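> Below is one structure. I have some questions about it.
So this is what it looks like as structure tokens:
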């Protein structure tokens, strides 16, 4: 078998495997056209792009667009909004997923567990439009069932969930939890299924109760999975659900809801400031890239494998 | 696993059973409400009268029926194209001795960490003449780098001896892929087929970015118009007719949500055991 592996060199082997290369052509073409050509388009951020001149003939302006962006009051607003949403999803959404998985794991009835899993996975497959739609229908002050209940009980005025600044972030986090917390348990449940049962046996011998078993056996056993996933989330800190936020934004909650991505869309495609918004997008991507690198370093410091 | 349960342990179980039951209920209740309300013409907290008028209405409008047609078309065609391109590339990349393989793999991995972003991608799609064409809803997301890598791992786990012996018997690479590798990787194909399909069916943003004639809008855009913006109803004569969404109220909106979600809920049970496996492989290897 081994002799087969060193199967010629250069053109000989290229010809030998020609069909494999042919198979790869559509894929490679896709990645070059839709992932690498846009990198070239990033030059726009350093130019004053004018559509009638084209990218190459437009004049260079260096870091002018970046300077303008950093000097704007909007910059800090976007920075704060993006950071806070990222932070909330990290400290609220992430632990909830783990707790949910731990609780599911403690269920004795396999049938009940399956049934619940089926229920809580479903929202993951809904579009953000549907989720935003359901949120609007339930929360609107004009006949939404939640406000009907609130006014029914308190007799007071309805709460402006959808058009207020203080409810925006809680709503976004709640939607995240409803859509994806169940789905997120899959990986933890798999890790939990791999825990050595003898460890529980030994813990019980030592007189550990259920909670102590959970704390001293179960949690440490899935520690590495938790660390890896935490780091992955840290790495994609700035990549909040763009569609989700976009769909919940309106004129009133914009000051707490606008994030880098929605801003790029609004100023870039809607207002036609291509170069400026490309610069904003590039800034965000660069920060995200650095975060991934740092997160991966952290993973290795923790003695984990890292993600690359 | 937990034999000889003590009393505190039993209490723990009871609480856990109840709490998780409530969680399941909370996950599912919104659906029940949406479905029930969709069968009601009135705005009430709990609908009492059953009617099919809402469904009759939305299916009588050309706008809605056409958008469903667009969504079905791009989902079927797009999923086939995505699975084809992904599995062909994954198959080639699964041969460890293929010259240039690691370079291409690196190229794919890099796209997961860094990309040109919204505006430059938009310009590429525009340059290709895809603006306002349904191709813009299928081609820019043709391959997910992540699914590609997981599928490559799936293919690489097919016993190498099988492939070698087929080659000795004179089988062509296409034959090997179609008759040996793909049948053995059915769970992966099912899972990623579903993920691709759900992704295309659910996409909203690419449609508002690339498509500007309302006749070509997929159902998600129509959904947003009706439910969130509560504007631009389903009335075919451009809103001038008195028969608009406001007249039917919540019921019509809910019916639109239900119909646009049904295709997903229909395939879900059949693929459930596969996607759990696929998602798992994905997350572990990722």
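Protein chains in written order, with my numbering: chain F, 33 to 340; chain A, 630 to 915.
Positions of the beta carbon are idealized from the N, C-alpha and C atoms, including for glycine.
It should be emphasised that the depicted structure is a prediction, and the values quoted were computed from it without experimental measurement.
1. Does any residue of chain A have a CB that is nearer than 8 angstroms to the CB of residue 67 of chain F?
2. Can you give the Cα-Cα distance for residue 764 of chain A and residue 220 of chain F, rounded to whole angstroms?
3. Using a Cβ-Cβ cut-off of less than 8 angstroms, list which residues of the segment 240–258 of chain F approach chain A; keep chain order.
4. Would you identify the three-state DSSP class for residue 92 of chain F, choosing helix, strand or coil?
5. Under 8 angstroms by Cβ, that's how I've got residue 248 of chain F and residue 211 of chain F pegged, so tell me the actual separation to the nearest angstrom.
6. Rounded to whole angstroms, what's the CA-CA distance from residue 647 of chain A to residue 883 of chain A? Just pull it up for me.
7. Nearest to residue 739 of chain A by alpha carbon, out of F/63, F/330, F/168?
8. Looking only at DSSP bridge pairs, what is residue 645 of chain A linked to?
9. Please name the residue, chosen from A/811, A/822, A/770, that lies closest to residue 792 of chain A on a Cα-to-Cα basis.
10. Name the chain A residues whose beta carbon is nearer than 7 angstroms to that of residue 125 of chain F?
11. Using 8 angstroms as the threshold, is the C-beta distance between residue 925 of chain A and residue 166 of chain F below it?
12. Compute the Euclidean distance between the alpha carbons of residue 667 of chain A and residue 145 of chain F, then round it to the nearest angstrom.
13. Taking the alpha-carbon positions, what's the residue 271 of chain F to residue 794 of chain A distance?
14. Hey, would you say residue 815 of chain A sits closer than 8 angstroms to residue 771 of chain A, going by beta carbons?
15. Based on Cα-Cα distance, which residue from A/832, A/755, A/743, A/841 lies nearest to residue 852 of chain A?
16. Touching or not, the segment 53–73 of chain F and the segment 749–758 of chain A, by the rule of three or more beta carbon pairs under 8 angstroms?
17. Sort out for me which residues DSSP pairs residue 79 of chain F with in a bridge.
18. Is there contact between the segment 49–58 of chain F and the segment 722–730 of chain A, where contact requires at least three CB pairs shorter than 8 angstroms?
19. Report the three-state DSSP secondary structure of residue 173 of chain F (helix, strand or coil).
20. Use the C-beta contact count for residue 688 of chain A: other C-beta atoms within 10 angstroms, 16 or more gives buried, fewer gives exposed.
21. Near residue 301 of chain F, which residues of its chain fall below 6 angstroms by C-beta distance, leaving aside the five closest residues on each side in sequence?
22. Given 8 angstroms as the limit, is there contact between the segment 197–204 of chain F and the segment 285–294 of chain F, that is, 3 or more CB pairs closer than that?
23. How should residue 847 of chain A be labelled, buried or exposed, when 16 other C-beta atoms within 10 angstroms of its C-beta is the threshold for buried?
24. Kindly indicate the opening and closing residues of the alpha helix (DSSP H) around residue 296 of chain F.
25. Which chain A residues sit within Cβ distance under 7 angstroms of residue 155 of chain F?
26. When you compare the CB positions of residue 841 of chain A and residue 761 of chain A, do they come within less than 8 angstroms of one another, or not?
27. I'd like to know whether the C-beta of residue 955 of chain A is nearer than 8 angstroms to at least one C-beta of chain F.
28. Could you give the DSSP three-state label for residue 765 of chain A: helix, strand or coil?
29. Does the beta-carbon distance from residue 319 of chain F to residue 295 of chain F come in below 8 angstroms?
30. For residue 277 of chain F and residue 204 of chain F, which I take to be in contact (beta-carbon distance under 8 angstroms), what is that distance rounded to the nearest angstrom?
31. Going along chain A, which residues have a C-beta under 9 angstroms from residue 189 of chain F?
32. Measuring CB to CB, does residue 293 of chain F end up less than 8 angstroms from residue 274 of chain F?
33. Which complete beta strand (DSSP E) runs does the segment 255–300 of chain F hold, if anything under 3 residues is left out?
34. In terms of residue numbering, what span does the alpha helix (DSSP H) encompassing residue 21 of chain F cover?
35. Note the first and the last residue of the continuous alpha helix (DSSP H) segment covering residue 243 of chain F.
On the basis of the supplied data:
1. For the purposes of this step, residue 67 of chain F is taken as residue 35 along the first chain, with counting starting at 1. Yes, residue 67 of chain F counts as interfacial toward chain A.
2. Your numbering for residue 764 of chain A matches position 135 in the second chain. Your numbering for residue 220 of chain F matches position 188 in the first chain. Residue 764 of chain A and residue 220 of chain F have their C-alpha atoms spaced approximately 38 angstroms apart.
3. Shown in chain order are the members of the segment 240–258 of chain F whose Cβ falls below 8 angstroms from a Cβ of chain A: 241, 242, 243.
4. Here residue 92 of chain F corresponds to residue number 60 of the first chain, with the count starting at 1. If DSSP states are grouped into helix, strand and coil, residue 92 of chain F belongs with the strands.
5. Position 216 of the first chain, counting from 1, holds the residue named residue 248 of chain F. Position 179 of the first chain, counting from 1, holds the residue named residue 211 of chain F. Actually they are not in contact, since the Cβ atoms of residue 248 of chain F and residue 211 of chain F sit about 33 angstroms apart, beyond 8 angstroms.
6. Numbered from 1 along the second chain, position 18 holds the residue referred to as residue 647 of chain A. Numbered from 1 along the second chain, position 254 holds the residue referred to as residue 883 of chain A. Note on geometry: alpha-carbon atoms of residue 647 of chain A and residue 883 of chain A lie some 30 angstroms from one another.
7. Against the second chain, residue 739 of chain A aligns to sequence position 110. For the residues F/63, F/330, F/168, the minimum Cα distance to residue 739 of chain A belongs to F/63.
8. Reading the second chain from its first residue, position 16 is the one you call residue 645 of chain A. Answer is none; residue 645 of chain A lacks a bridge partner.
9. Position 163 of the second chain, counted from the first residue, corresponds to residue 792 of chain A. Just measuring C-alpha positions, the residue of A/811, A/822, A/770 sitting nearest residue 792 of chain A is A/811.
10. For this step, residue 125 of chain F is matched to residue 93 along the first chain. Those within 7 angstroms of residue 125 of chain F in chain A number zero; the least Cβ separation is about 14 angstroms.
11. Within the shown structure, residues of chain A are numbered from 630 to 915, placing residue 925 of chain A beyond reach of any answer.
12. Here residue 667 of chain A refers to the residue found at position 38 when the second chain is read from its first residue. Here residue 145 of chain F refers to the residue found at position 113 when the first chain is read from its first residue. If you take the alpha carbons of residue 667 of chain A and residue 145 of chain F, they lie about 30 angstroms apart.
13. For the purposes of this step, residue 271 of chain F is identified with residue 239 of the first chain, where counting begins at 1. For the purposes of this step, residue 794 of chain A is identified with residue 165 of the second chain, where counting begins at 1. The alpha-carbon of residue 271 of chain F is positioned some 46 angstroms away from that of residue 794 of chain A.
14. For the purposes of this step, residue 815 of chain A is taken as the residue at position 186 of the second chain. For the purposes of this step, residue 771 of chain A is taken as the residue at position 142 of the second chain. Contact: no.
15. Residue numbering aside, residue 852 of chain A sits at position 223 when the second chain is read from its first letter. When only C-alpha atoms are compared, the closest one is A/832.
16. Contact holds: three or more Cβ-Cβ distances are below 8 angstroms.
17. On the first chain, position 47 is the one that residue 79 of chain F refers to. Looking at the DSSP output, residue 79 of chain F sits in a beta bridge with F/92.
18. By the criterion of at least three beta-carbon pairs nearer than 8 angstroms, the segment 49–58 of chain F is in contact with the segment 722–730 of chain A.
19. Within the first chain, residue 173 of chain F is the residue found at index 141, counting from 1. Of the three classes helix, strand and coil, the one that applies to residue 173 of chain F here is coil, per DSSP.
20. Here residue 688 of chain A corresponds to residue number 59 of the second chain, with the count starting at 1. Looking at its Cβ environment, which holds fewer than 16 other Cβ atoms inside 10 Å, residue 688 of chain A is exposed.
21. Numbered from its first residue, the first chain carries residue 301 of chain F at position 269. Leaving aside the five residues that flank residue 301 of chain F on each side, none in its chain has a CB nearer than 6 angstroms to its CB.
22. In short, these stretches touch, since the Cβ pair count reaches three.
23. Here residue 847 of chain A refers to the residue found at position 218 when the second chain is read from its first residue. Buried, because 16 or more other Cβ atoms sit within 10 Å of the Cβ of residue 847 of chain A.
24. Against the first chain, residue 296 of chain F aligns to sequence position 264. Residues 292–296.
25. What you label residue 155 of chain F is simply residue 123 of the first chain in a count that begins at 1. The answer, in chain order, is 656.
26. For the purposes of this step, residue 841 of chain A is taken as the residue at position 212 of the second chain. For the purposes of this step, residue 761 of chain A is taken as the residue at position 132 of the second chain. In contact: residue 841 of chain A and residue 761 of chain A (Cβ atoms closer than 8 angstroms).
27. In the structure as shown, chain A begins at 630 and stops at 915. Residue 955 of chain A is therefore absent and cannot be evaluated.
28. In the second chain, residue 765 of chain A corresponds to position 136, counting from 1. For residue 765 of chain A, the three-state secondary structure derived from DSSP is helix.
29. Within the first chain, numbered from 1, the residue matching residue 319 of chain F stands at position 287. Within the first chain, numbered from 1, the residue matching residue 295 of chain F stands at position 263. In this structure, residue 319 of chain F keeps its C-beta atom at 8 angstroms or more from the C-beta atom of residue 295 of chain F.
30. Along the first chain, read from residue 1 onward, the residue named residue 277 of chain F stands at position 245. Along the first chain, read from residue 1 onward, the residue named residue 204 of chain F stands at position 172. So it is a contact: roughly 7 angstroms between Cβ atoms.
31. Stepping through the first chain from its first residue, residue 189 of chain F is reached at position 157. Here the premise fails: no neighbours, minimum Cβ distance about 17 angstroms.
32. On the first chain, position 261 is the one that residue 293 of chain F refers to. On the first chain, position 242 is the one that residue 274 of chain F refers to. In this structure, residue 274 of chain F lies closer than 8 angstroms to residue 293 of chain F by Cβ.
33. Contiguous beta strand (DSSP E) elements confined to the segment 255–300 of chain F do not occur, taking only those with 3 or more residues.
34. Examination of residue 21 of chain F is not possible in this model, given that chain F is present from 33 through 340 alone.
35. Along the first chain, read from residue 1 onward, the residue named residue 243 of chain F stands at position 211. Looking at the DSSP string, the run of the alpha helix (DSSP H) that includes residue 243 of chain F is 242–245.
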